[in-house]
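Counting in the working numbering, the sequence shown runs from 493 upward without gaps.
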Amino acid sequence: MSVHTMETLALFDSAPYQNAFSARVIAVSEQGIALEHTLFYPTGGGQPGDTGYLTLPDDTRINVTGTVRDPVLRSIIWHQVEHCPTQLSAGVQVDASLDWERRYQHMKMHTCLHLLCSIIDAPVTGCSISADKGRLDFDLPEMTLDKDSITRDLNALIEQAHEVRSLSMPASEYSTLLQITRTQAVAPPVIQGAVRVIEIAGIDIQPCGGTHVINTEEIGRVFCEKIEKKSKHNRRVILRFE
493 MSVHTMETLA LFDSAPYQNA FSARVIAVSE QGIALEHTLF YPTGGGQPGD
543 TGYLTLPDDT RINVTGTVRD PVLRSIIWHQ VEHCPTQLSA GVQVDASLDW
593 ERRYQHMKMH TCLHLLCSII DAPVTGCSIS ADKGRLDFDL PEMTLDKDSI
643 TRDLNALIEQ AHEVRSLSMP ASEYSTLLQI TRTQAVAPPV IQGAVRVIEI
693 AGIDIQPCGG THVINTEEIG RVFCEKIEKK SKHNRRVILR FE
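As C-alpha cells, then:
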C-alpha cells in the first residue's frame, strides 16, 4: 500500500467512550505505528494525544506515548512509541487499549472549556488541556474577570446536566461556521468535506474536533484557579478539577 493511499479511520468521534479495539497495522516508520482505524485521539485543538498500549499476537506489549496526525498526509494517524519490535510490520493484527482515565479527564475538561466560552464574551486566542487542568486565553483588553464568579457560574451550568451533542455540518457552510467560532488561532477542522460541531444544548455551539462527554453533569465540580494577564490584550483563565 502506497503511503499516499493510506488512511487511518478515526473511531473516537463516533465512539468517544470506547477504550479498547483491534486493528491491522498499515505502516511502521520512525514516526510511529499507523493502524487501519483507531480510538486514539491525535494531538489537536489544545487536547493532548492519547496514550496507552498495543498488544501483539505474541503478547508483546508496546507502550504508546502519544498520538499525532501526519504533518503532510493528515489522513494518517501515528501512534508514537519508545521502541518498536522488529517483528512488527504492516499486516499484523494488534489489540489496543487507551489510558482511559487520562482520556476521560481530557473529555471532561474539554467540555468544561466550552462552558467557559459561553460565560466569557470574548474571542479565544489560545487553549490547553491536561488531565488535571485546562486553560483558555481570551482577547480582553481590561481585567473584567472574577475567579469566584467564574467558579460559581461554571458549576451551575455543570449541575444543570446539559446534553452535549456532536453534529456534522458541510464545509460549504464554512463562512457561517467562522462567524460562531470563538477560537481565532485555529480554523475549524474540515474532515472529508464536513466540519464537526459540538453543541451544548441551549448554551454553546462551536466547531471542534476534540472528544467530549455527553452530559455536562459528568464534569464534576471545578474551580477557577487563576486569572493571568499575559499581554495588553490577553487574559488567561486556568481551571482545575476539585
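The C-beta atom is built at its ideal place from N, Cα and C for all residues, glycine as well.
Shown here, TYR533 sits in coil according to DSSP, grouped into three states, outside any helix or strand.
Look at LYS722 here: in three-state DSSP terms it is strand. Our two residues, ILE690 and ILE568, have alpha carbons roughly 23 Å apart in a direct line. Ranked by Cα distance from GLU709, the first of GLN652, GLU717 and ASP696 is GLN652. Under the Cβ criterion (8 Å, minimum of three pairs), the segment 713 to 732 counts as touching the segment 622 to 638.
ASP587 is bridged by DSSP to SER514 and THR547.
C-alpha of SER620 to C-alpha of VAL517: approximately 31 Å in a straight line. In the assembly as shown, ASP613 is an exposed residue. Its beta-carbon has fewer than 16 other beta-carbons within 10 Å.
The secondary-structure analysis by DSSP pairs VAL556 across a beta bridge with GLY544 and VAL573. If the five residues before and after GLY544 are omitted, its C-beta is found closer than 6 Å to the C-beta atoms of VAL556, SER589, LEU590 and ASP591, all from its own chain and listed in chain order. Among the bridge pairs identified by DSSP, LEU501 is matched with HIS529. Using a Cβ-Cβ distance cut-off of 8 Å, the segment 562 to 580 and the segment 506 to 522 are in contact, since at least three pairs of beta carbons, one from each stretch, lie closer than that value. Short of 6 Å from the beta carbon of ILE611, and not among the five residues preceding or following it, lie these beta carbons of its own chain, in chain order: ASP645. Per DSSP, the unbroken alpha helix (DSSP H) holding THR643 starts and ends at 639 to 651.
Shown here, CYS716 sits in a strand according to DSSP, grouped into three states.
Around the beta carbon of ARG553, fewer than 16 other beta carbons sit within 10 angstroms, so the residue counts as exposed. For LEU659, the enclosing beta strand (DSSP E) has its first and last residue at 656 to 662. Between VAL656 and THR617, the CB-CB gap reaches or exceeds 8 Å. Ranked by how close their Cα comes to the Cα of SER581, the residues VAL714, ALA515 and TYR596 have ALA515 in first place. Look at GLU634 here: in three-state DSSP terms it is coil, with no helix or strand label. Taking 8 Å as the cut-off, the Cβ atoms of GLY537 and GLY685 do not count as close. Using a 10 angstroms sphere on the CB of HIS575, the tally of other CB atoms stays under 16, which defines it as exposed. Beta-bridge analysis with DSSP links CYS619 to LEU628.
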